[in-house]
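Undergrad:
Protein chains: 2
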Amino acid sequence: MTGIGPGSVTLKDLAAELGLHPSTVSRILHGKAETARGAAAPVTAQRVRDLAKKVGYSPDPQATSLRTRRTHLLGVIVPRLSDLVLAVMYEGIDEAADDANYSTFVMNSRDDTSIQRHKMEIMLSRRVDGLIIGDAHLDGNILDELAERKVPFVLMNRAIAGFASATCDDTLGGALVAQHLWDQGHRDVSIIAGEPYASTGVDRTHGFVSRFRALGGTIPESAIVWSRFDTLGGHTAANSILRDTDRRPSAIFAVNDFAAIGAMGAANSHGLHVGRDLAIVGFNDTSLAAQLPIALSSVHSPMHDIGRVAVKLLLGVLNGDAVESIKLLPVLCVRDSSDFTWAAG
Amino acid sequence: MTGIGPGSVTLKDLAAELGLHPSTVSRILHGKAETARGAAAPVTAQRVRDLAKKVGYSPDPQATSLRTRRTHLLGVIVPRLSDLVLAVMYEGIDEAADDANYSTFVMNSRDDTSIQRHKMEIMLSRRVDGLIIGDAHLDGNILDELAERKVPFVLMNRAIAGFASATCDDTLGGALVAQHLWDQGHRDVSIIAGEPYASTGVDRTHGFVSRFRALGGTIPESAIVWSRFDTLGGHTAANSILRDTDRRPSAIFAVNDFAAIGAMGAANSHGLHVGRDLAIVGFNDTSLAAQLPIALSSVHSPMHDIGRVAVKLLLGVLNGDAVESIKLLPVLCVRDSSDFTWAAG
DNA sequence: GCTCATTACCCAATCGTTTGGGTAGTGAGG
DNA sequence: CCTCACTACCCAAACGATTGGGTAATGAGC
Chain A
1 MTGIGPGSVT LKDLAAELGL HPSTVSRILH GKAETARGAA APVTAQRVRD
51 LAKKVGYSPD PQATSLRTRR THLLGVIVPR LSDLVLAVMY EGIDEAADDA
101 NYSTFVMNSR DDTSIQRHKM EIMLSRRVDG LIIGDAHLDG NILDELAERK
151 VPFVLMNRAI AGFASATCDD TLGGALVAQH LWDQGHRDVS IIAGEPYAST
201 GVDRTHGFVS RFRALGGTIP ESAIVWSRFD TLGGHTAANS ILRDTDRRPS
251 AIFAVNDFAA IGAMGAANSH GLHVGRDLAI VGFNDTSLAA QLPIALSSVH
301 SPMHDIGRVA VKLLLGVLNG DAVESIKLLP VLCVRDSSDF TWAAG
Chain B
1 MTGIGPGSVT LKDLAAELGL HPSTVSRILH GKAETARGAA APVTAQRVRD
51 LAKKVGYSPD PQATSLRTRR THLLGVIVPR LSDLVLAVMY EGIDEAADDA
101 NYSTFVMNSR DDTSIQRHKM EIMLSRRVDG LIIGDAHLDG NILDELAERK
151 VPFVLMNRAI AGFASATCDD TLGGALVAQH LWDQGHRDVS IIAGEPYAST
201 GVDRTHGFVS RFRALGGTIP ESAIVWSRFD TLGGHTAANS ILRDTDRRPS
251 AIFAVNDFAA IGAMGAANSH GLHVGRDLAI VGFNDTSLAA QLPIALSSVH
301 SPMHDIGRVA VKLLLGVLNG DAVESIKLLP VLCVRDSSDF TWAAG
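Chains A and B, in that order, give the protein sequences.
The opening residue of the first sequence carries number 1 in my numbering; numbering runs sequentially from there.
The opening residue of the second sequence carries number 1 in my numbering; numbering runs sequentially from there.
#1: Only counting the same chain, and skipping five residues up and downstream in sequence, which positions put a Cβ closer than 6 Å to that of residue 226 of chain A?
#2: Verify the CB distance criterion: does residue 125 of chain B have a CB-CB separation below 8 Å to chain A?
#3: Of all the CB atoms in chain A, is at least one closer than 8 Å to the CB of residue 333 of chain B?
#4: Assign residue 150 of chain A to buried or exposed, taking buried as 16 or more other Cβ atoms, counted over all protein chains shown, within 10 Å of its Cβ.
#5: Figure out for me which residue from A:241, A:334 and A:321 has the closest Cα to the Cα of residue 299 of chain A.
#6: To the nearest angstrom, how far is the alpha carbon of residue 322 of chain B from that of residue 202 of chain B?
#7: Mind checking whether residue 280 of chain B and residue 306 of chain B have CB atoms under 8 Å apart?
#8: Let me know the secondary structure DSSP gives residue 193 of chain A once reduced to three states.
#9: Thinking C-alpha only, which one of A:259, A:120, A:168 and A:90 is nearest residue 129 of chain A?
#10: If you follow the beta strand (DSSP E) that residue 296 of chain B is in, where does it begin and where does it stop?
#11: So, at 7 Å on beta carbons, what are the nonlocal neighbours of residue 70 of chain B in its own chain, with the 5 sequence-adjacent residues on each side left out?
#12: Does DSSP put residue 55 of chain A in a helix, in a strand, or in coil?
#13: Let me make sure I understand the geometry here. Which of B:257, B:47 and B:210 has the alpha-carbon closest to that of residue 228 of chain B?
#14: Between the Cα of residue 44 of chain A and those of A:24, A:53 and A:288, spot the shortest distance and give me the residue it belongs to.
#15: Kindly indicate which three-state DSSP category residue 63 of chain B falls into: helix, strand or coil?
#16: Can you give me the Cβ contacts of residue 294 of chain B inside the same chain, cut-off strictly under 6 Å, excluding the 5 residues immediately before and after it?
#17: List, in chain order, every chain A residue whose beta-carbon is nearer than 7 Å to that of residue 265 of chain B.
#18: Within its chain, find whatever has a CB closer than 6 Å to the CB of residue 122 of chain A; leave out the 5 residues flanking it on each side and keep chain order.
#19: Could you tell me the boundaries of the beta strand (DSSP E) in which residue 327 of chain A lies?
#20: Name the chain B residues that come within less than 8 Å of residue 262 of chain A, Cβ to Cβ?
#21: Need the endpoints of the alpha helix (DSSP H) that residue 317 of chain A sits in, please.
#22: Under 8 Å between C-beta atoms, does residue 116 of chain B make it to chain A?
#23: Given a cut-off of 8 Å on the beta-carbon distance, is the pair residue 47 of chain A and residue 18 of chain A in contact?
#24: Using a 10 Å radius around the Cβ and a threshold of 16 neighbouring Cβ atoms, would you call residue 329 of chain B buried or exposed?
#25: With a threshold of 8 Å on Cβ separation, who are the neighbours of residue 175 of chain A within its own chain once the five nearest residues in sequence on each side are excluded?
#26: Output needed for residue 9 of chain A: all residues of its chain with C-beta closer than 8 Å, excluding positions within five of it in sequence on either side, in chain order.
#27: Against residue 91 of chain A, what residues of chain B qualify as contacts under a CB-to-CB distance less than 7 Å, listed in chain order?
#28: When we look at the beta-carbon of residue 243 of chain B and count the other beta-carbons within 10 Å, is it buried (16 or more) or exposed?
#29: Alpha carbons only, please: which of A:87, A:77 and A:325 is nearest the one belonging to residue 284 of chain A?
#30: Can you pull the DSSP bridge partners for residue 167 of chain A?
#31: Along chain A, which residues have their Cβ under 7 Å away from the Cβ of residue 230 of chain B?
#32: Quick check: the Cα distance between residue 82 of chain A and residue 287 of chain A, rounded to an integer number of angstroms?
#33: From the DSSP output, which residues share a beta bridge with residue 264 of chain A?
#34: Could you tell me whether the Cβ of residue 12 of chain B comes closer than 8 Å to any Cβ of chain A?
#35: Could you say which of B:152, B:249, B:158 and B:135 lies nearest to residue 319 of chain B if we only look at CA atoms?
#36: According to DSSP, is residue 115 of chain B part of a helix, a strand, or is it coil?
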């Protein structure tokens, strides 16, 4: 009878064992300091706590939620966890949620609207206290619905005007890359811009273009190629950029490391040596970037912290605070793939 | 009053609205066919279902679990979701769990015993119906405890004798690589073997070594280097292998793509051109392998299916079935990093 | 010795379901 | 006309915790 694990012993059991009423035990174990003090004599309280620890009492969260209408559950929706960026953010969420005694569901929506809806309904039917949305689309349809239904939520990674979010300062990140490539002498550049519905790609692209133009450069619309965020998407996009041998750029900015890796593959198959014939810069500085055969320049974004911040924001919302979006600072990491001084013009 | 989302309307509400008793409504909506038929006249049943759909009734899972002692929750523990391999497996889990109307918690243990324990306790205190363990260590200590506590669980990715698991046939996978490298003329090979506590690395290494020896080759113990599973681990291991210029192998088998990528980086910094001066083969065939500047040969393992199978096994266990471990078949994918015929000897 | 506050508790309702066990009402069979 | 089996429901007790509201017993104050 040595506690075969949580779930075996209840509040009532403890109370019976101690000759107390369950409510008294409850107040002692779970009440705030004041309640607890009012509930029992210090010596009784200690007896209760001792026994609880000895038998390994752990309250039934289902019963608690039923009564309190709070599950201490958070829902997280991401496009795909196999996207390293989201996976790392989720690690941050996992950590922060644990610290705050919350547990999290995480589901993949594959950026598909109907799956997004489906997963959301599952989460809500599970009665999560709030949602962290990592797959927001710029049209924001679903978010408006959520807001109308008064579901507490925050965005992560991708920002949408009007909603609280935890992101990287993507515009700044893009600008950093533009500055770097400009300084290296590149005047003819292309951008692999990601999916048009994702603020990450859009903002990084916008930040890049603005800065590059501010420096006096030109970027025709045709130099911006939308793509999927994975290696294959990057490969395809780079192919379409490099196919045109008349007007090949000397540098490519991919808004995502994986797309950048795909672009490296494409460059290779076009006989171009990355870092010498063609500069490539990625974004996120995932753990692979520095380890690639040709080390990839990339903008470091604090992915882990973004996850942590998302949790903090959401807990703020649940607490009724007015929360503000937070943009974390990116840092450019220059490596072999773009570290080469080009003759200007 | 148009249902502001799940959670607003209860069985009792429905019953009152229809002039029925909650129990009747419950039987109609949630009972098995027979119960439902015995519970009400067909026309009544239809009225109930219509109203339920109209107001968007969704049962409170907390209340249900409290009564039934089943949460329809599964716990998943992995070393780290930022390991693409585990992330993809989790996508399979997510899918299969959804199909079966289960939801999953997933937590990262970083392969740290105390975190493993901690996360497990959280899961159990949440009253999950069962666990999928993706971070089992060969010593199996924690698993024995779990078994003793009669917690339903299955292993995933890593196998441990005596427990049901869903894995790749790692021994075979290793053998495939050995055969391939041998056929390519390599006689002097090294292995980046991963963490010694993980069956994946151990079995892949063992499969490789056995086959290579069976073919007549020799592999000294010193040619087997244990390492972390990430790029950095692979880099470090490869460095230690390549440092010894007297006895440099012509090929390296890394039991994991990320380690292989790290090894490529190391080879590079030693001035070796992968695929020409040194063959490298990875494992898992993650989506990156084919896209790298030098495409990486790798053993394809059905990660997504492994996740799905893990869920199927666990549901079997929950159902009281006697389940057997399942090993899915690996397939070797040869690419540039090892596609070169060497002169023998 | 009486009032009054304080201490240290107990009581019972409640959260939303499920489920074993009724029970009126109907129709058939004998 | 009585019995018996259905049909179509209802009743109430759980599941485990929380929480607003008691209430005896003790001690202090006057």
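Backbone N, C-alpha and C define an ideal beta-carbon position, used for all residues, glycine too.
TA: Concretely, from the data shown:
#1: Cβ neighbours of residue 226 of chain A beyond the five flanking positions: 193 and 196.
#2: So yes, residue 125 of chain B belongs to the interface.
#3: Output row for residue 333 of chain B: interface = no.
#4: Only exposed fits residue 150 of chain A, as fewer than 16 other CB atoms lie within 10 angstroms of its CB.
#5: That would be A:334, whose Cα lies nearest to the Cα of residue 299 of chain A.
#6: One Cα belongs to residue 322 of chain B, the other to residue 202 of chain B, and the distance between them is close to 27 Å.
#7: Here residue 280 of chain B is not near residue 306 of chain B, since their CB atoms are 8 Å or more apart.
#8: Looking at residue 193 of chain A - three-state DSSP - the assignment turns out to be strand.
#9: Of A:259, A:120, A:168 and A:90, the residue nearest in Cα terms is A:120.
#10: Premise fails: residue 296 of chain B is in no beta strand (DSSP E) and is neither H nor E.
#11: Here the set comprises 129.
#12: Looking at residue 55 of chain A - three-state DSSP - the assignment turns out to be helix.
#13: Ranking the options by Cα distance to residue 228 of chain B, first place goes to B:257.
#14: With distances taken between CA atoms, residue 44 of chain A lies nearest to A:24 out of A:24, A:53 and A:288.
#15: In the structure shown, residue 63 of chain B sits in a helix (DSSP, three-state: H, G or I).
#16: Around residue 294 of chain B: 274, 275, 336 and 337.
#17: Neighbours of residue 265 of chain B in chain A, taken as residues at a C-beta separation under 7 Å, are given in chain order as 291, 292 and 293.
#18: The answer is none, since no qualifying residue turns up.
#19: Element bounds for residue 327 of chain A: 326-328.
#20: Counting only Cβ-Cβ distances below 8 Å, residue 262 of chain A has contacts in chain B at 291, in chain order.
#21: It spans 303-318 - the alpha helix (DSSP H) in which residue 317 of chain A sits, taken as one unbroken run.
#22: Put simply, the CB of residue 116 of chain B is far from chain A, with every gap to its CB atoms at 8 Å or more.
#23: Cβ distance < 8 Å, so residue 47 of chain A and residue 18 of chain A count as in contact.
#24: Exposed: under 16 other Cβ atoms inside 10 Å.
#25: Hits under 8 Å: 207, 208, 210 and 211.
#26: These residues qualify, in order along the chain: 3, 55, 56 and 57.
#27: Chain-ordered, the chain B residues with CB closer than 7 Å to the CB of residue 91 of chain A read 80, 81, 82 and 108.
#28: Classification for residue 243 of chain B: exposed.
#29: Minimum Cα distance to residue 284 of chain A is reached at A:87.
#30: Partner(s): A:327.
#31: Chain A residues near residue 230 of chain B: 287.
#32: In this structure, the CA atom of residue 82 of chain A is about 14 Å from the CA atom of residue 287 of chain A.
#33: Note: residue 264 of chain A sits in no beta bridge, so no partner.
#34: So no, residue 12 of chain B is outside the interface.
#35: Closest by alpha carbon: B:152.
#36: The answer is helix: DSSP assigns residue 115 of chain B an H, G or I state.
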